[in-house]
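Enquirer:
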Amino acid sequence: GALVSQSTEFGSFAASGLRPLSAPASGAGLTTPNDRLSPEWRFALNCILDEARRRLYRKSQKYILERKIQKELYVKVYTDFWMRGNKMKEGAMTKIESQMELEDVLWFRAYAERRFL
């Protein structure tokens, strides 16, 4: 089968990442639109879907509560370690930081410094 081509007032384009419906990716049987995508398009689609899921999760009550608890714990450990000189907290701080995204670590540090300086 031929690839889909379309001509518009903006030029022409071809959906070269699509396989024809008559050639299923997994052999015989029913196909889904996802089966017709090339690996590159499937990767791009999964990246977009993953980001959308992440955004939705960050709006959930579960995430907000977890982040609040994590912030309170991190601020306590960070202030004990850096501002009060309690070097025993370094292991705890490293463990918490390894579970967080970099943006959160930087934001929580700035919050702790504003709060206690």
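Residue numbering for the sequence shown is 66 to 182, as defined by my numbering.
From the three backbone atoms N, C-alpha and C, an ideal C-beta is built for every residue, glycine too.
Only a predicted model underlies this, so the values are computations on that prediction, with no experimental measurement involved.
Compute the beta-carbon to beta-carbon distance between L121 and L110, rounded to the nearest angstrom, for a pair I have assumed lies under 8 Å.
Expert: Actually they do not touch by this definition, with Cβ atoms about 17 Å apart.
Enquirer: Any contact between the stretch 151-168 and the stretch 115-129? By contact I mean 3 or more CB pairs, one from each, below 8 Å.
Expert: no
Enquirer: If you follow the alpha helix (DSSP H) that L171 is part of, which residue opens it and which one closes it?
Expert: L167 to F181
Enquirer: Is the separation between the beta-carbon of I161 and that of L138 shorter than 8 Å?
Expert: yes
Enquirer: Exposed or buried, A177, counting other C-beta atoms within 10 Å across all chains shown (16 or more means buried)?
Expert: buried
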